[in-house]
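To keep things clear, I will list the structure first and then write my remarks on it.
In my numbering, the protein residues as written are 1 to 276.
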């Protein structure tokens, strides 16, 4: 029988990567986290003992709380959030159940250091087209919903990264970790390093790679992504406004990759009548 105010693993997995995904809070003890330092994609670490201090920042949003096994820590924190006016559920079985279901988890040691507000900070070249929109989409949907992205002139990326403790990505520098490797684009690299290689994301990666590297033969949809991306780059002079618009574009491509790849439309063909 389901526990009140809880959500099963399969239901949360369906919400993951969508705009409607709730805030995911990992409240495992430091000891439990050290034993398995990985996060459910998009989850933020929060100290369970300080819930009274940080609960107010979640007002107006819904949340799912997880600990190691989905018991006292999760239920206590979720109950505290609810009394603060935050709709909160507990992940049934906690991170143990998520792992047992074979679902992806993000290694915490691959993530950049967080700023004073708990956000990861990333920097790349201004005037993004494809990879530099696809990567922020992936990060905000599957790694850190509050991630900050800085778009700067190409010559300043490295210096800004050092000065503002930001992680550089998708720049032409062999020393940059989050960038092209051989035929793989930055999106591919992030999927691999963050262990996010689900079938829908691998399918999306082929589309991104085809559009980003002018190999439109890799996926029939690559030409459409390329056209839409170039169109957005002409519509928006502000890179952050373009990123906001691009989030919806990639949401749509991801949902197609996950749910609609078998759907087709068979339009009637207007064949000429005999003797016509």
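Positions of the beta carbon are idealized from the N, C-alpha and C atoms, including for glycine. Quick caveat, the model's predicted, so the values are computed rather than measured.
_Expected contact under 8 Å - CB spacing of residue 26 and residue 45 to nearest Å_ = Along the chain shown, read from residue 1 onward, the residue named residue 26 stands at position 26. Along the chain shown, read from residue 1 onward, the residue named residue 45 stands at position 45. So it is a contact: roughly 5 Å between Cβ atoms.
*Around the Cβ of residue 235, are there at least 16 other Cβ atoms within 10 angstroms (buried) or fewer (exposed)?*
Position 235 of the chain shown, counting from 1, holds the residue named residue 235. That one is exposed.
*Of the residues 244, 158, 226, 144, which one's Cα is nearest the Cα of residue 39?*
Numbered from 1 along the chain shown, position 39 holds the residue referred to as residue 39. The candidate whose alpha carbon is nearest that of residue 39 is 144.
_Touching by the beta-carbon criterion (3+ pairs, under 8 Å), the segment 135-155 and the segment 106-120_ = yes
_Straight-line gap, residue 225 to residue 16 (C-alpha atoms, nearest Å)_ = Sequence index remark: in the chain shown, residue 225 carries index 225 (1-based). Sequence index remark: in the chain shown, residue 16 carries index 16 (1-based). Using only the alpha carbons, I get a separation of about 22 Å.
*Output yes or no for whether 8 Å exceeds the beta carbon distance between residue 88 and residue 70.*
Taking the first residue of the chain shown as position 1, residue 88 is located at position 88. Taking the first residue of the chain shown as position 1, residue 70 is located at position 70. No, the Cβ-Cβ distance between residue 88 and residue 70 is not below 8 Å.
_Residues near residue 85 by beta carbon distance below 7 Å, same chain, minus five either side_ = In the chain shown, residue 85 corresponds to position 85, counting from 1. Counting only Cβ-Cβ distances below 7 Å, and skipping sequence neighbours, we find 59.
*Is the distance from the Cβ of residue 104 to the Cβ of residue 243 below 8 Å?*
Walking along the chain shown from the start, residue 104 turns up at place 104. Walking along the chain shown from the start, residue 243 turns up at place 243. In this structure, residue 243 does not lie closer than 8 Å to residue 104 by Cβ.
*What are the residues that DSSP puts in a beta bridge with residue 169?*
On the chain shown, residue 169 is found 169 positions in, with the first residue counted as 1. 178, per the DSSP bridge assignment.
*For residue 122, the first and last residue of its enclosing beta strand (DSSP E)*: Residue mapping note: residue 122 aligns to position 122 of the chain shown, counting from 1. That run of the beta strand (DSSP E) goes 121-125.
*So, are the CB atoms of residue 208 and residue 130 less than 8 Å apart?*
Position 208 of the chain shown, counting from 1, holds the residue named residue 208. Position 130 of the chain shown, counting from 1, holds the residue named residue 130. Yes. Within cutoff.
*asked:* For residue 301 and residue 250, I'd like the C-alpha separation in whole angstroms.
replied: Because the chain here runs from 1 to 276, residue 301 falls outside it and cannot be looked at.
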